[in-house]
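Student: Input: one structure, supplied below.
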Ligand SMILES: *Cc1c(COP(=O)(O)O)cnc(C)c1O
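Residue numbers (my numbering): 167 to 514.
Here's what the structure looks like:
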């Protein structure tokens, strides 16, 4: 017997596609002579890679970046595989063979990965050189290796460690990247992520790689006037209850009602990415009215104080106050974490 399709749980991530497209256009414009691509790894930062790919390809974005080859399948039929760069490169001989047969473009990060790529037949690839983040990427000293000399490099890239700060490391990385560009010939050159775009023309090369700011994140203040909010988590009030003075709410009774109150049980919890960091300090909204979270956030539900919105009833929906720069400040989480933790139960 096959089960009928179940209804969606009562929580959804409203995605403003127009704002997403407007953000890409703004980042493309801010990239000057370079063109902007789009980082859509981790399921488009939790927003939905397919939805993002479809919207941005429609707007003219050509270059897409995923972390693993398995993430590229989300874009099938939307984006030419040769325009999808696999940032983490081939993880094994088998992965290199998969990338080659799918026609994807691997980013070669090490001599080991270069070897995987040759053994799989080689072809067009990107090359990531490490200029100071000391994470993934070929060491500058290995640029002269014969394995590297034989690569057919489409985009020579590096990644900034501190683009969201005015750190002297930015200029150090820029100088090393320019040196790498002089050493390796490639069609495109790419250094800047979202924040890096605001460091100026020298950081642009011919292709920029924004991620966070496409989705409404503001890693540098200068971006604020250009970036619109894209995601709005929403959830339903599953139950409304009257709580007497002196009664506590939620696990470990961290909140006690000082007077009789009306409390609402909202269908979102830490398993959905509404993390315990919001316990006792998160806000939800009904229109413009703010409704504070009371007590601990549970796995699948969160309780709010309904005093400011007495008209709300069971079955009504509320918005999370989840504007990324603001939410990061209140919660102590990064804007990246706030986005990518949004869970799989959301309807998108
Ligand atoms: C994630 C990632 C990006 C995008 O960075 P944002 O800070 O989200 O704009 C760019 N390049 C690489 C290599 C990445 O891993």
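Just so it is clear, CB atoms sit at the ideal spot from N, CA and C, and this is done for glycine as well.
Starting from the N-terminal side, write out each stretch of the beta strand (DSSP E) that is 3 residues or longer and does not extend beyond the segment 217-274.
Tutor: Entirely contained in the segment 217-274, the beta strand (DSSP E) runs reaching 3 residues are, in chain order, 230-232, 250-252, 271-274.
Student: Smallest Cα separation from residue 298: which of 325, 291, 318?
Tutor: Residue 298 has its Cα closest to that of 325, out of 325, 291, 318.
Student: Taking C-alpha atoms, which residue in 218, 229, 281, 224 lies nearest to residue 240?
Tutor: Residue 218 is the option with its Cα nearest to residue 240.
Student: In three-state DSSP terms, what is residue 182?
Tutor: Coil.
Student: Where does residue 291 land, buried or exposed, given buried means 16+ other C-beta within 10 angstroms?
Tutor: Its Cβ being crowded by 16 or more others within 10 Å, residue 291 is buried.
Student: Could you tell me the boundaries of the beta strand (DSSP E) in which residue 484 lies?
Tutor: Start and end: 483-486.
Student: Touch check for the segment 451-468 and the segment 419-427: three-plus C-beta pairs under 8 Å?
Tutor: Yes, the segment 451-468 is in contact with the segment 419-427.
Student: Would the beta-carbon of residue 364 be found less than 8 Å away from any heavy atom of ligand 1?
Tutor: It does not: the Cβ of residue 364 is nowhere closer than 8 Å to a heavy atom of ligand 1.
Student: Confirm, please, whether the CB-CB distance from residue 302 to residue 377 is below 9 Å.
Tutor: Going by C-beta atoms, residue 377 is not nearer than 9 Å to residue 302.
Student: Would you identify the three-state DSSP class for residue 370, choosing helix, strand or coil?
Tutor: Correct three-state label for residue 370: coil.
Student: May I ask you to report which of helix, strand or coil DSSP gives residue 395?
Tutor: Three-state result, residue 395: coil.
Student: Rounded to whole angstroms, what's the CA-CA distance from residue 137 to residue 280? Just pull it up for me.
Tutor: The requested residue 137 does not occur in the structure, where the chain is confined to residues 167 to 514.
Student: Specify the secondary structure class of residue 363 as computed by DSSP and reduced to three states.
Tutor: DSSP places residue 363 in helix when its eight states are reduced to three.
Student: What span of residues does the beta strand (DSSP E) with residue 457 cover, start to end?
Tutor: 455-458 is the span of the beta strand (DSSP E), which, as asked, contains residue 457.
Student: Run the CB neighbour count on residue 375, radius 10 Å, all protein chains shown included, and call it buried at 16 or more, exposed below.
Tutor: It counts as buried.
Student: Rounded to whole angstroms, what's the CA-CA distance from residue 196 to residue 479? Just pull it up for me.
Tutor: Cα to Cα, residue 196 sits roughly 45 Å from residue 479.
Student: For residue 470, which residues in the same chain have their Cβ closer than 8 Å to its Cβ, ignoring the five residues on either side in sequence?
Tutor: 429, 430, 432, 450, 457, 458, 459, 460, 484.
Student: Pull up the distance between the alpha-carbon of residue 193 and that of residue 216, whole angstroms please.
Tutor: In a straight line, the C-alpha of residue 193 is about 20 Å away from that of residue 216.
Student: Note down, one range per segment and in chain order, each alpha helix (DSSP H) of at least 4 residues found wholly within the segment 271-334.
Tutor: Here the runs fully enclosed are 277-285, 312-315.
Student: Distance, Cα to Cα, residue 360 vs residue 398?
Tutor: Distance between the alpha carbons of residue 360 and residue 398 is about 21 Å.
Student: At the level of alpha carbons, what is the spacing between residue 108 and residue 394?
Tutor: With the chain covering 167 to 514 only, the question about residue 108 has no answer from this structure.
Student: Would you mind giving the Cβ-Cβ distance between residue 362 and residue 443, rounded to the nearest angstrom? I have them listed as a contact below 8 Å.
Tutor: Not really, about 28 Å apart at Cβ, beyond 8 Å.
Student: Which residue from 225, 181, 191 puts its Cα closest to that of residue 210?
Tutor: Cα-wise, what sits closest to residue 210 is 181.
Student: Note the first and the last residue of the continuous beta strand (DSSP E) segment covering residue 451.
Tutor: That run of the beta strand (DSSP E) goes 449-452.
Student: Taking 8 Å as the cut-off, is the beta-carbon of residue 236 closer than that to any non-hydrogen atom of ligand 1?
Tutor: No, since every heavy atom of ligand 1 falls outside the 8 Å radius drawn around the Cβ of residue 236.
Student: Determine, using beta carbons only, whether residue 274 and residue 306 come nearer to each other than 9 Å.
Tutor: Their beta carbons are not under 9 Å apart, which means residue 274 does not touch residue 306 by this criterion.
Student: Could you check where the beta strand (DSSP E) with residue 466 kicks off and where it finishes?
Tutor: Segment: none, residue 466 is in no beta strand (DSSP E) and carries neither H nor E.
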